[in-house]
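Residue numbers (numbering that gives the first Met the number 0), protein chains in the order written: chain A, 0 to 291; chain B, 0 to 237; chain C, 0 to 374.
I have placed the structure first, in the form of structure tokens, so that the comments after it can refer back to it.
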Amino acid sequence: MELFLQQVVSGISTGAIYACMALSVVMIYQAIHHLNFAQGEMAMFSTYIAWQMMAWGFAWWIAFPVTIIVSFMGGFAIERVVFKPIQNAPVLSHIVVFIALFSIFNSLAGFIWDFTIKSVASPFGEGPFMGSTLLGKHQAGMIAVTILMLVMLWAFFQFTRVGLAMRAAAVNPESARLVGIRVETMTALGWGMASAIGAVAGILIAPVVFLEPNMMLSILLYGFAGAVLGGLTSPLGAVIGGFLVGIVENLAGTYLGGIGAELKLSIALALIIIVLVVKPEGLFGRKIVQRV
Amino acid sequence: MSAILKVENLEASYGELRVLRGINFEVERGGVTTLLGANGAGKSTTLRALCGMIQRSGKIMFDDRDVSRMPTEDIVRIGVAHIPEGRGTFSTLTTEENLHLGAMARPNKKDEIESDIRKCFEFFPRLQERRNQQAGTLSGGEQQMLAIARALMLRPKLMLLDEPSFGLAPLVTRQIFDILADLNKETGTSMLVVEQNASLALELADHAYLIETGSIVMSGEADAIREDESVRASYLGY
Amino acid sequence: MTQTVHTNAQAPSASVPPYQPAPAPQAKLLSLGNIVSLLVLALLIAIPIFSEGFFVFQMTQMLVYATAVLGLNLLTGINGQFSLGHSAFYAIGAYTCAILVELGGVNYMLTIPIAGVVAFVFGFLFAFPALRLEGIYLALATFALAVATPQLLKLNAISDWTGGVQGIVMFQETFDVPVPFGLPMDPGTWTFYLTLFVFAVVYVLALALVRSRTGRAMMAIRDNPIAARSMGISLPYYKATAFGVSALVTGIAGALNAIVIKFVAPDSFTFIFAVLILVGMVIGGVGWLQGCLIGGLAMLYFPNIAEVFDDIVLWVANIGGFADALPSGNEMQQQFIRLSGVIYGVILVLIIYLAPSGAGGLLRAIAGRIKRLLS
């Protein structure tokens, strides 16, 4: 039982990584009803920006906000420049462009910062959290930041005019235009916010997994799994889903022996397929209505 | 009385298919005009073209401004509230949020908006009961009331109504049309109503135009149109 | 209803010609398409006669890729389902071939159809959960499949067969692909002709499938699933079949790949490879099976695009006379190689913007232009 609890707690601390990523996946899904396969690479690129600023000698409390703002603007710009011309194109075109972005960011990061592994210091410090043997300071910090982001997002969507407008644009773009909302701007805002959240995720993840251009592919898969499990329409669900994925992964590693540890990515695969087939709206999401 | 909306030679098409073939009409300031016609005649298309929701050409003057090239959002911002066919409710948002959205194109003055919402609730007590309910769970009639209330939140100069009777029981339809008549009288908001139920529409309207396959084939005072033999036979059914 | 309304309602329908079923594709022996196909075939057959060594190997590889593109296009182009995970079926084909040859002692040529059948079974089974997914969700599920595949192949429990991380080296005893029947050719030329033969057979069968009743049902589902269902077409049956057939063709490509490379290893079958197949299909033209050779060429040269790009820049610089201003050749090429992902991505975006229907669309547009000019 103690082992079980221990694994659950350490699952939660890995889960924090996935929760962050899942949150940015949901953000973009809300804005454009697509899954951005380049989300992980964008987050990785943002993390490099933060790393570069710190390497230049800026303190993290300058580097982080600047990175987040730059990422926000970058996401906004990508929507305006790259996706606006194909907004009415079929799904396949979007997928191909996501893949193109994936390739561009991956290669650009390697070109600028090369493929050697870089370590990023944790802003929360090293060592155990309040003397606990299960939770590090960084993990505790990550969980706190994830929850804080979730609360801020909730407040933004619930209490601000722009948040309401974004929700309206996502629910019914045509009616949104008819009440004077600039739907395209809202979509771009969604991209900006998703990429800003992705930046936070990347910066939080980097101290755990080390920074290199290919760090995000498998994390993105877990992020997708978390988002799908919690429900693509629910930010809260995505965060819970992310934590659950972390816990499942850890428990499988403990109780299924060698196979569990070897099959980590396949667990994500299985989770995604099972949830999509059995309960496509996820644990906390709204039913996805297929428009015909 | 001057015209608040003046449309000249309006054309619109869906891809290759030309739906409007150069139509002309006016809505008088403070008046109610109705467009009548059979299914597929181009009534809804006319409203959609006015708001820039589809490709259109021709001249559209609203409140002495040329809006024929303006994007939808901007046309809304200068005071045109369009209630689309099927009402266009934001189904997963609450009634109250839907009303807030109606005021999205107005300056963000919290007090004014709150007081307008209170007025809407006075006018539609049913909506107040349902204020925290998801709009998609409202009945058809309630959703139509919500759509009208949401349009009012804009404090519009002109309301475009697309089939307000759509999917409603006769009694509810009657209620909605009474509300529209009251609104027109009290607030002086001009209205352009597209409606299949010609007799109701002609009661409400002062002017009427008849559209057939994308062209206007008849126009005049509502009373005169109602008396017309051919209209009577084809649209009023007596 | 009055007369006015009636006449008006009928007016537009009068201009529409009465419904006629689309003419069945006629088996004209000398149609333009057939002539072009035969020319291309002749050209391919001639390759080993006029060249040798590396180029023949590259063309073999191109035919293998073309087969994979064909497989994906049957799914996406004909049936409208997406896959970012075809690297998995390719891997299944490749491993089936390698395991049968190395552990089972089966003749390698025999393993090609077997690999196809095994891939078909996997594809058909994967299709069942995938059936309920559409558009982006199917892309997600197959994306997950592609990301997980290398890890699954490395699994310790099956490493006795798969060779784990190391993979399987094939033809260890003979050192090369054995040339059968005492044919007087080197193994490279033989694998080329074997690959060409298999490709040609698969291609002809794929075209036949598309023109069959089954193919029409698949296309109907792509164009309008609801209408197709209401016409009595079973969506699960045809979608699963399309998935299975697509996996079958891709699995055959995988088996050919194993024979050509003489080696299989988990990290050859990554998500990136799945993307490469997708890119080949998009460049060739989605839904235009004939484009698979162009797609194969694209898959062959795209990863080396940086070098091509470098050549172009050098060429322009030489003509423009500013070659001295560039960094030394080798250094510049290194930079381009490191940027190849960026070039690759930008080209993809440009294709989507400028020629969303790929080479097929471009060719059709050009053909249309010419026809109009002639008439």
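Idealized CB from N, CA, C, for every residue including glycine.
Query	Result
Let me check one thing: in DSSP terms, what residues is Ala49 of chain A bridge-paired to?	According to DSSP, which records beta bridges pairwise, Ala49 of chain A is partnered with nothing at all.
Give me the Cβ distance between Gly166 of chain C and Phe308 of chain C, rounded to the nearest whole Å; I'm assuming they're in contact under 8 Å.	About 32 Å separates the two Cβ atoms, so there is no contact after all.
Are the Cβ atoms of Ala146 of chain B and Phe123 of chain B separated by less than 8 Å?	no
Using a Cβ cut-off of 9 Å, pull out every chain C residue sitting near Leu243 of chain A, in sequence order please.	Chain C residues near Leu243 of chain A: none, gap ~16 Å exceeds 9 Å.
What are the residues of the segment 329–345 of chain C that lie near chain F, defined by any Cβ-Cβ distance shorter than 9 Å?	Looking for chain F here will not work: the only protein chains present are A, B and C.
Quick check on DSSP: helix, strand or coil for Thr33 of chain B?	strand
Pick out whichever of A:Ser9, A:Arg285, A:Lys83 has its Cα sitting closest to the Cα of Glu183 of chain A.	A:Lys83
In this structure, how does DSSP classify Val116 of chain C when only helix, strand and coil are distinguished?	helix
Label Pro235 of chain C either buried or exposed according to how many other C-beta atoms from any shown protein chain fall within 10 Å of its C-beta, with 16 as the threshold for buried.	exposed
Opposite Ile22 of chain B in the DSSP bridges: which residues?	B:Leu9
Drop a sphere of 10 angstroms on the beta-carbon of Ala154 of chain A, count the other beta-carbons inside from all chains shown, and report buried for 16 or more, exposed for fewer.	exposed
For chain B, is any of its Cβ atoms less than 8 Å away from the one on Ile31 of chain A?	no
Whose C-beta lies closer than 7 Å to the C-beta of Pro155 of chain B among residues of the same chain, with five residues either side of it excluded?	Gly78, Val79, Ala80, Thr188
If you compare alpha carbons, which of A:Pro212, A:Leu282, A:Gly252, A:Pro206 is closest to Gly241 of chain A?	A:Leu282
Just curious, the alpha helix (DSSP H) that Gly76 of chain C is in, first and last residue?	Neither: Gly76 of chain C is in no alpha helix (DSSP H) and is coded neither H nor E.
List the residues of chain A that Phe104 of chain B touches, going by C-beta distances under 9 Å, in chain order.	The amino acid occupying residue 104 of chain B in the given sequence is Ala; Phe does not appear at that position. Correct list: Val178, Gly179, Ile180.
Do Val68 of chain C and Asn256 of chain C have their beta-carbon atoms positioned less than 8 Å apart in this structure?	no
Can the beta-carbon of Val193 of chain B be found closer than 8 Å to that of Asp222 of chain B?	no
In angstroms with no decimal places, state the Cα-to-Cα distance between Gln138 of chain A and Ile48 of chain A.	22 Å
Would you list the one or two residues that DSSP bridges to Lys58 of chain B?	B:Glu7
Consult DSSP for Glu172 of chain C and reduce its assignment to one of helix, strand or coil.	coil
With distances taken from CA atoms, which of C:Ala87, C:Ser82, C:Met280 is nearest Gly250 of chain C?	C:Ala87
Between the Cα of Ala104 of chain B and those of A:Val244, A:Ala15, A:Pro212, A:Leu163, spot the shortest distance and give me the residue it belongs to.	A:Leu163
Using the DSSP secondary-structure output, state which residues sit across from Glu128 of chain B in a beta bridge.	Paired residue(s): none; Glu128 of chain B is not in a bridge.
Please report whether the beta-carbon of Ser1 of chain B lies at a distance below 8 Å from any beta-carbon of chain A.	no
When you compare only the Cα positions, how much space is there between Met331 of chain C and Tyr343 of chain C?	17 Å
For the segment 158–172 of chain A, enumerate the residues whose C-beta is nearer than 7 Å to any C-beta of chain B, in chain order.	Arg160, Leu163, Ala164, Arg166, Ala167, Val170, Asn171
Since Cys96 of chain C contacts Ile258 of chain C with CB under 8 Å, what's their CB separation in whole angstroms?	6 Å
Where does Val277 of chain A land, buried or exposed, given buried means 16+ other C-beta within 10 angstroms?	exposed
I'd like the ranges of any beta strand (DSSP E) spanning at least 3 consecutive residues and lying wholly in the segment 172–228 of chain B.	189–193, 206–211, 214–220
List the endpoints of the continuous beta strand (DSSP E) containing Leu159 of chain B.	157–161
Closer than 9 Å, Cβ to any Cβ of chain A: which residues of the segment 350–373 of chain C, in chain order?	Ile350, Ile351, Tyr352, Pro355
Can you grab the Cα-Cα spacing for the pair Leu92 of chain B / Asp310 of chain C, in whole Å?	57 Å
Closest to Arg363 of chain C by CA distance: which of C:Trp314, C:Gly286, C:Ile336 is it?	C:Gly286
Does the segment 110–125 of chain B come within contact of the segment 45–58 of chain B, defined as at least 3 CB pairs closer than 8 Å?	no
So if DSSP puts His137 of chain A in a beta bridge, which residue, or which two residues, is it bridged to?	Looking at the DSSP assignment, His137 of chain A forms no beta bridge with any residue, so it has no partner.
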